[in-house]
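What follows is a single structure, written as structure tokens, with notes after it.
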Amino acid sequence: MPASTMTDAFIDSLSASAVDLADAVTLPPSCYTSDTFYEFEKEALYYGEWQCVGREDWIAKPGDYFTTRTVNEPIIVSRNLEGKVRAMSAVCQHRAMLVAEGSGSARGFLCPYHHWSYSLDGTLVAAPAMNRTCNFDRKASSLPRFAVEIWNGFIFVNFNENAAPLAPRLAHVAEAIAGYDLPTAEGPRPDPGARLPWNWKVMFENNNDGYHASRLHAGPLHDFVPSGKAEFPPSEPEDAGFLRFNGTLHADASFNATQRAVLPIFPGLSDAARNRMTFANVPPSLSLIMMSDMVIYLILRPDGPQSLEMDTGLLFAPGAMKDPTFDHKLDMNMRATAHIIAQDFHVDELVQEGLRSRFAPRGRYSWQEGAQGQFNKWLVHRYRTAHKRLAGLENVS
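All residue numbers for the sequence shown refer to the UniProt record's numbering, where the first residue is 1 and numbers rise by one.
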């Protein structure tokens with residue numbers, strides 16, 4: 001997709017994906033493959049939307065920190081000595097060396113290259129041998145800071161430090177999942193994210209696709225969550241997230257050979273919540289797959305138009321991990337989940353290959369793909385807004 005095709009006409013063509021689902025078509029294939037569209041998408045989504053980067057309990061104590069990245073922007077998330085969560089660029093403001101890697105505990109961050117040092121808030125503390133540099137402004141050389149918000153125990157950052165709050169636009173999602181009490185849920189920090197060779201939207205769509213569940217995953221590990229019991233609560237394009245409910249054939253269903261929860265049930269769940277699986281989505285970065293005894297969370301971090309890194313974590317009811325049989329019971333769930341994930345990943349990779357074809361369509365939707373319609377409306381609203389803003393800047397210049 002050459003730059004010349006990012007035109008008013010192309011942006012207008014996206015509207016066909018954001019109408020009622022019965023009339024909608026999928027986004028153009030170039031939205032999943034094009035370098036140019038990916039660069040536009042950074043401006044439209046990633047530089048102004050809230051993005052999940054991890055869980056608050058990953059940095060439980062003052063001085064704790066972890067590093068991550070999204071759209072190739074290195075990020076540090078820390079808890080300062082006053083106990084507040086902070087987020088900032090990991091790029092030293094001298095010669096662009098990264099000042100931190102991995103995770104750990106520290107009183108500040110020292111660039112290993114030339115020993116510029118920064119506080120846990122990102123403030124430049126010391127810059128050796130800069131006394132002869134004319135007009136050097138130490139205050140202007142702090143690490144760029146990001147806005148931070150904690151939502152249900154998840155840490156969100158926004159590259160725009162003055163961004164409007166996230167939580168008010170997630171009120172209906174928060175209400176639907178309140179019974180899980182996610183701020184108190186427990187789970188280990190996930191292993192480093194795998195790199196996956198497909199566009200982040202392919203991944204996000206697969207997480208929310210009820211249509212394929214009874215088909216791709218047909219069999220005893222998934223048949224208790226039939227596609228025909230999918231529901232899609234309404235949302236608005238301006239909202240920060242949306243939901244998919246999928247009824248189950250019996251209460252407290254879970255992914256294992258018994259088809260029933262083997263770990264402790266989240267104690268606050270209503271009868272309605274215990275008779276369905278809930279999929280909660282905060283694009284562009286967080287998907288939650290919620291069962292009565294386990295929550296799987298996926299943090300999507302693109303690193304190119306046709307690839308992403310993804311952190312996959314688990315959350316359980318408070319105290320569940322203390323059960324001496326916990327690891328054995330969890331193994332039952334994870335064996336089934338791994339089988340389902342392998343099917344999804346195989347399909348995702350082949351979808352990405354198909355999207356590169358000259359014969360890739362703008363296909364039609366089934367009613368069982370209602371979450372895709374909501375996702376499209378969320379995306380197209382932001383694509384249009386960004387295009388108008390960027391076109392205005394071009395006209396000014």
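Note that CB positions come from ideal geometry on N, CA and C, so glycine has one too. As the structure is a prediction and not an experimental result, all values here were calculated from the model.
(request) Ignoring anything shorter than 3 residues or poking outside the segment 148-178, list the beta strand (DSSP E) runs there in chain order. (result) If one requires a minimum length of 3 residues, the beta strand (DSSP E) runs lying completely within the segment 148-178 are 154-158, in chain order.
(message) Do PRO197 and GLU349 count as a contact pair if the criterion is CB distance below 8 Å?
(response) Going by C-beta atoms, GLU349 is nearer than 8 Å to PRO197.
(message) Here's the rule: buried if 16 or more other CB atoms are within 10 angstroms of the residue's CB, otherwise exposed. What is ILE209?
(response) The amino acid at residue 209 is misidentified as Ile; the sequence shows Asp. ASP209 is buried by the Cβ-count criterion.
(message) With H, G and I counted as helix, E and B as strand and the rest as coil, what does DSSP make of SER285?
(response) It is coil, neither helix nor strand.
(message) Whether or not the segment 225-238 and the segment 378-385 are in contact is what I'm after, with contact meaning three or more pairs of Cβ atoms, one per stretch, closer than 8 Å; do they touch?
(response) The answer is yes - the segment 225-238 touches the segment 378-385, with three or more Cβ pairs under 8 Å.
(request) Look at the Cβ atom of LEU120, then the Cβ atom of GLY108, and state whether they are nearer than 8 Å. (result) Yes. Within cutoff.
(message) Taking the straight line between their C-alpha atoms, what separation do you get for TRP367 and VAL225?
(response) So the alpha carbons of these two residues sit roughly 16 Å apart.
(request) Can you tell me which of LEU27, GLU369 and ALA18 puts its alpha carbon nearest to the alpha carbon of GLY228? (result) Of the candidates LEU27, GLU369 and ALA18, the one whose C-alpha sits nearest the C-alpha of GLY228 is GLU369.
(request) Evaluate CYS92 with the Cβ neighbour count: other Cβ atoms within 10 Å of its Cβ, from every protein chain shown; 16 or more gives buried, anything less gives exposed. (result) Its Cβ being crowded by 16 or more others within 10 Å, CYS92 is buried.
(message) On the CB-based measure, 16 or more other CB atoms within 10 Å of its CB, does ALA129 come out buried or exposed?
(response) ALA129 counts as exposed, since fewer than 16 other beta carbons sit within 10 angstroms of its beta carbon.
(message) Please state whether the Cβ-Cβ distance between PHE204 and TRP50 is less than 8 Å.
(response) Between PHE204 and TRP50, the CB-CB gap reaches or exceeds 8 Å.
(request) Determine the DSSP secondary structure at PRO183, reduced to helix, strand or coil. (result) Correct three-state label for PRO183: helix.
(request) Compare the C-beta of ALA18 with all C-beta atoms of chain D and state if any pair is closer than 8 Å. (result) The structure shown contains no chain D; it holds only a single protein chain.
(request) Report all residues from its chain with a CB closer than 6 Å to the CB of ARG86; omit the five preceding and five following residues, and keep chain order. (result) For ARG86, where only same-chain residues beyond five positions count, the Cβ hits under 6 Å are SER78, ASN80 and ASP121.
(message) Less than 8 Å between the C-beta atoms of VAL202 and VAL351, yes or no?
(response) When the beta-carbon positions are compared, VAL202 and VAL351 come within less than 8 Å of each other.
(request) Could you tell me which residues DSSP puts in a beta bridge with ILE76? (result) Beta bridge pairing from DSSP links ILE76 with THR67 and MET88.
(request) Please list the segments of the alpha helix (DSSP H) lying wholly inside the segment 195-277, counting only runs of 4 or more residues, in order along the chain. (result) Entirely contained in the segment 195-277, the alpha helix (DSSP H) runs reaching 4 residues are, in chain order, 200-207, 213-216 and 271-274.
(message) Does the segment 55-67 come into contact with the segment 147-165, if we say contact requires no fewer than three beta-carbon pairs (one atom in each stretch) closer than 8 Å?
(response) The segment 55-67 vs the segment 147-165: in contact.
(request) Compare the beta carbon distance of ARG215 and GLY247 with 8 Å and say whether it is the shorter of the two. (result) Not a contact, by the Cβ cut-off of 8 Å.
(request) Would you check if there are 3 or more beta carbon pairs closer than 8 Å linking the segment 315-335 to the segment 172-188? (result) The segment 315-335 vs the segment 172-188: in contact.
(request) Put ARG145 into one of helix, strand or coil per three-state DSSP. (result) Reduced to three states, the DSSP call for ARG145 is strand.
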